[in-house]
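Chains as they are written, first to last, in UniProt numbering: chain R, 1 to 356; chain H, 1 to 356. Here's the structure we're looking at; comments come further down.
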DNA sequence: CTGAAAGCGCTTACAG
DNA sequence: CTGAAAGCGCTTACAG
């Protein structure tokens, strides 16, 4: 059990010139076999005698040997691990996606190595993460952030399979498994229209800030317009409170009877603001969000749309496995997964005091 | 800009025997310099002529070359990247920690490569993740899961710096930066006692399931007992609803006037159950949780304790940076960071109908 | 079933 | 400032 067997006899980890890095050579010597045999045993290959196997494992355990993955992958020129480029996981939807992807990958016997990138001015950091992952020579790449553009991805998509997860791709060359944001926007908008609202504020996200949220907003607007509902778009991020205050003001003035948000986090902000202003929900104004992954959303009674995170993770990993097995350049796929409306207590019929 | 310069002239990525793997050799040839020079340029070393540098960069860009990190680290025998062993990020507190660690690492100019492990019977997967990371020869390791024991970590703590984050260490040899769970438990318990409760149910987590939650529960019990409050411990995970039903039953029967939970997620479960049973909070019964990282907790009015996630992340990364710079085996540290009570609307004075 | 040898793509003294 | 050469720790045909 001792880790400090230390063949060199130079005590502990203090030996300056003899790094604690055990190699296969050490194990081979300790086991009395060749380096090749050790390699075969560690690789789990069949053509090894039971005796050799036992001795190698014994020596490895005793020395605390862990094979150097770097050298291994370099020599065998190929990684089984696949890279995951993630967006700031502070967003609960991304956090869940992260977890689910890990789980799906494990189930598919794929090792994921991830790198989170936080948004910055020019996407510099995101690209750095991309290069880092490519430098690790991952066998495939899952991109779950909009921060990296298709153009930045393209140089590599002929080298390894790349799948964009959670966001539709604009390019033809890159695979994508995304949520059906159009369905989300339409479903929510129809729910609001069905409730009888005729004047609705829509908090819209800029295309560059979050493409998925942008699509939701656009779709909500189109759907509502198609139903003859008057809409007032409120761009988010404009004011200090990101357009929330403006939407709330519209409600306070009775100019709208409902506020549709592009995400649940935004919906929370609106609800806070409304509560502070003493406006009742859904008595005075109805509110909707989108995502459906917040803990306690049910207790809050949020009206939202649950995106199929688990399914997305499973589909993404499944496609990656397929691509890994197939020849590169096989047919590009673009899946879109619909979610489901979650009716809540934040939507009701329009209030009677609607007219200004 | 074209990536398909393809010197070999065998078109696209289809060439079966000529993998798309560009090497320094290719760049050297294209730039008309030696491999050594390319290396020096990519490494950003000073002793290179401006002309060489320019030509190398030009060639690299044109070919779409990304240095092979594996080979690089193998040759220079050392990684700058540090490994992060994470727990299932479905827990919102871990999700936040993950994000914050990434951010802190980036600020400290450290690259983090993470591996998430989901709980399993014997911690097999967790150990596999640990070995995988060690196999990548990371320069340091941050362990943010209780799934890996100190014993499993010890064999490696003389090789690289290892810090346990978010959970106190039981061993002397391993560094730890954790939340002050004792302070959390004490603070919450005193808040409840101060409100006048004399009969309290405490939902307790088993030591093996979550050590931090276990400490919280133990401390709450001790603190309450010290104040002369009668407590009824309800082990979590016992029944199908994990002890929640039992706690709620105690409240329904009027045997306790408050329920203290070891986490906010658990608190949410209790609140759901209470609502379903028609029990009012805090009218009939008060409820507390712990963590304070849930979105919308304020709207729900949860009474909780906010753990200092951001601070923990920063401290952990800072210590890692120190350890990386210092000699291994330097003084082991064990920091404990206190958080702050978040009073909410789920705690009030005990109801008058307390007696059964 | 087992070994000696070449090679994976880089870095790094060592001589120019 | 620049190159040729050795070596990082493994894997993998190739001969036994």
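Don't be surprised by glycine CBs; every beta carbon is placed ideally from N, CA and C.
C-alpha gap between residue 108 of chain H and residue 293 of chain H, whole angstroms | Residue numbering aside, residue 108 of chain H sits at position 108 when the second chain is read from its first letter. Residue numbering aside, residue 293 of chain H sits at position 293 when the second chain is read from its first letter. For residue 108 of chain H and residue 293 of chain H, the distance between alpha carbons rounds to 24 Å.
Contact with chain H by residue 343 of chain R, beta-carbon distance below 7 Å | In the first chain, residue 343 of chain R corresponds to position 343, counting from 1. Not an interface residue.
Beta carbon proximity, residue 66 of chain H to chain R, threshold 7 Å | For the purposes of this step, residue 66 of chain H is taken as the residue at position 66 of the second chain. Yes, because at least one Cβ of chain R sits closer than 7 Å to the Cβ of residue 66 of chain H.
Just reading off the beta strand (DSSP E) that residue 365 of chain R is part of, what are its end residues?
-> Residue numbering for chain R in the displayed model covers 1 to 356; residue 365 of chain R lies beyond these limits and cannot be assessed.
Cα-Cα separation between residue 358 of chain R and residue 150 of chain R, rounded to whole angstroms = An answer regarding residue 358 of chain R cannot be provided, because it is not within the stretch 1 to 356 covered by chain R.
Taking the runs of the beta strand (DSSP E) that are 3 residues or longer, which of them lie wholly in the stretch 230-267 of chain R?
-> Fully enclosed beta strand (DSSP E) runs of 3 or longer: 230-235 and 258-260.
What is the DSSP secondary structure of residue 333 of chain H, reduced to helix, strand or coil?
-> Here residue 333 of chain H is taken as the residue at index 333 of the second chain, counted from 1. In the displayed model, residue 333 of chain H falls within coil according to three-state DSSP, outside both helix and strand.
If you measure from the beta carbon of residue 11 of chain R to each beta carbon in chain H, is any gap under 7 Å?
-> As a first step, residue 11 of chain R must be located in the first chain, where it is residue number 11. Caution applies to residue 11 of chain R, whose pLDDT of 32 falls short of 50 and renders its modelled position unreliable; the model cannot decide the point.
Could you check which residue in R:303, R:331 and R:244 has the C-alpha nearest to that of residue 281 of chain R?
-> As a working note, residue 281 of chain R is residue 281 in the first chain. With distances taken between Cα atoms, residue 281 of chain R lies closest to R:303.
Taking only beta carbons into account, state which residues of the stretch 84-112 of chain R come closer than 8 Å to chain H, listed in chain order.
-> Of all residues in the stretch 84-112 of chain R, only 88, 89, 90, 92, 95, 96, 98, 99, 102, 103, 106, 111 and 112 place a beta-carbon less than 8 Å from a beta-carbon of chain H.
With a cut-off of 7 Å, does the C-beta of residue 42 of chain H fall near any C-beta of chain R?
-> Here residue 42 of chain H corresponds to residue number 42 of the second chain, with the count starting at 1. Output row for residue 42 of chain H: interface = no.
Chain H within 7 Å of residue 346 of chain R, Cβ atoms only | The count along the first chain starts at 1 and reaches residue 346 of chain R at position 346. Under the Cβ distance rule, residue 346 of chain R does not count among the residues neighbouring chain H, no pair being separated by less than 7 Å.
Which of helix, strand or coil DSSP assigns to residue 199 of chain H = Counted from its first residue, the second chain places residue 199 of chain H at position 199. Strand at residue 199 of chain H.
Output, in sequence order along the chain, the residues in the UniProt domain "HTH lacI-type" (22-76) of chain H whose CB is closer than 7 Å to any CB in chain R.
-> So the list reads 64, 66, 67, 68, 69, 70, 71, 73 and 74, given in the order they occur along the chain.
Residue range of the alpha helix (DSSP H) that residue 39 of chain R falls in?
-> Within the first chain, numbered from 1, the residue matching residue 39 of chain R stands at position 39. In the DSSP annotation of this structure, the continuous segment of the alpha helix (DSSP H) that includes residue 39 of chain R starts and ends at 35-42.
Residue 237 of chain H versus residue 205 of chain H - alpha carbon distance | The residue labelled residue 237 of chain H in the question sits at position 237 within the second chain. The residue labelled residue 205 of chain H in the question sits at position 205 within the second chain. If you take the alpha carbons of residue 237 of chain H and residue 205 of chain H, they lie about 8 Å apart.
C-alpha gap between residue 340 of chain H and residue 27 of chain R, whole angstroms = Locating residue 340 of chain H in the second chain gives position 340, where the first residue counts as 1. Locating residue 27 of chain R in the first chain gives position 27, where the first residue counts as 1. Rounded to the nearest angstrom, the two C-alpha atoms are 51 Å apart.
How do the stretch 184-199 of chain R and the stretch 251-267 of chain R stand: do at least 3 beta-carbon pairs fall below 8 Å, yes or no?
-> Contact check between the stretch 184-199 of chain R and the stretch 251-267 of chain R: three or more CB pairs, one atom from each, fall below 8 Å, which counts as touching.
Taking only runs that begin and end inside the stretch 271-327 of chain H, name each unbroken beta strand (DSSP E) of 3 or more residues, in chain order.
-> The beta strand (DSSP E) runs of length 3 or more contained entirely in the stretch 271-327 of chain H are, from start to end of the chain, 286-288 and 304-306.
For the beta strand (DSSP E) containing residue 116 of chain R, list its first residue and its last residue.
-> As a working mapping, residue 116 of chain R is identified with position 116 in the first chain. For residue 116 of chain R, the uninterrupted beta strand (DSSP E) segment begins and ends at 112-117.
Partners in chain R for residue 272 of chain H, counting only beta-carbon separations shorter than 8 Å = Mapped onto the second chain, residue 272 of chain H falls at position 272. Ordered by position in chain R, the residues that pass the 8 Å Cβ test against residue 272 of chain H are 298 and 299.
Quick one: what's residue 206 of chain R bridged to in DSSP?
-> Counting from one through the first chain, the residue named residue 206 of chain R turns up at place 206. Under DSSP, residue 206 of chain R forms no beta bridge with any residue.
Residue 164 of chain R - DSSP class collapsed to helix/strand/coil | Here residue 164 of chain R is taken as the residue at index 164 of the first chain, counted from 1. Of the three classes helix, strand and coil, the one that applies to residue 164 of chain R here is strand, per DSSP.
Neighbourhood of residue 342 of chain R by C-beta, 6 Å cutoff - its chain only, sequence neighbours within 5 removed = Taking the first residue of the first chain as position 1, residue 342 of chain R is located at position 342. For residue 342 of chain R, where only same-chain residues beyond five positions count, the Cβ hits under 6 Å are 292, 304 and 306.
Delimiting residues of the beta strand (DSSP E) encompassing residue 143 of chain H | Counted from its first residue, the second chain places residue 143 of chain H at position 143. Counting along the chain, the unbroken beta strand (DSSP E) around residue 143 of chain H starts and ends at 141-144.
Do residue 262 of chain H and residue 208 of chain H have their CB atoms nearer than 7 Å?
-> Taking the first residue of the second chain as position 1, residue 262 of chain H is located at position 262. Taking the first residue of the second chain as position 1, residue 208 of chain H is located at position 208. In this structure, residue 208 of chain H does not lie closer than 7 Å to residue 262 of chain H by Cβ.
Where the alpha helix (DSSP H) through residue 27 of chain R begins and ends = As a first step, residue 27 of chain R must be located in the first chain, where it is residue number 27. That run of the alpha helix (DSSP H) goes 24-31.
Nearest CA to the CA of residue 142 of chain R: which residue from R:85, R:32, R:296 and R:116?
-> The residue labelled residue 142 of chain R in the question sits at position 142 within the first chain. Of the listed residues, the one whose Cα sits closest to residue 142 of chain R is R:85.
Could you spell out the range, first to last residue, of the beta strand (DSSP E) harbouring residue 175 of chain R?
-> Counting from one through the first chain, the residue named residue 175 of chain R turns up at place 175. Residue 175 of chain R -> beta strand (DSSP E) spans 175-179.
With distances taken Cα to Cα, identify the nearest neighbour of residue 163 of chain R among R:344, R:350, R:316 and R:324.
-> As a working mapping, residue 163 of chain R is identified with position 163 in the first chain. Ranking the options by Cα distance to residue 163 of chain R, first place goes to R:316.
So, helix, strand or coil for residue 342 of chain R, using DSSP?
-> Within the first chain, the letter at position 342 stands for residue 342 of chain R. The answer is strand: DSSP assigns residue 342 of chain R an E or B state.
Members of the stretch 133-147 of chain H that neighbour chain R once the beta carbon cut-off is set at 8 Å = When CB distances to chain R are screened at a threshold of 8 Å, the residues of the stretch 133-147 of chain H falling below it are 134, 135, 136 and 137, in chain order.
Is the shortest distance between the beta-carbon of residue 114 of chain H and the beta-carbons of chain R less than 7 Å?
-> Taking the first residue of the second chain as 1, we reach residue 114 of chain H at position 114. For residue 114 of chain H, the answer is yes, since a Cβ of chain R falls inside 7 Å of its Cβ.
From what residue to what residue does the beta strand (DSSP E) around residue 83 of chain R run?
-> The residue given as residue 83 of chain R occupies position 83 in the first chain. Under the DSSP assignment, residue 83 of chain R falls in the beta strand (DSSP E) whose first and last residues are 82-87.
Can you tell me which of R:244, R:275 and R:179 puts its alpha carbon nearest to the alpha carbon of residue 308 of chain R?
-> The residue labelled residue 308 of chain R in the question sits at position 308 within the first chain. When each option's Cα is compared against that of residue 308 of chain R, the closest is R:179.
Report the three-state DSSP secondary structure of residue 72 of chain R (helix, strand or coil).
-> Translated into positions along the first chain, residue 72 of chain R becomes position 72. Residue 72 of chain R falls in the helix class under three-state DSSP.
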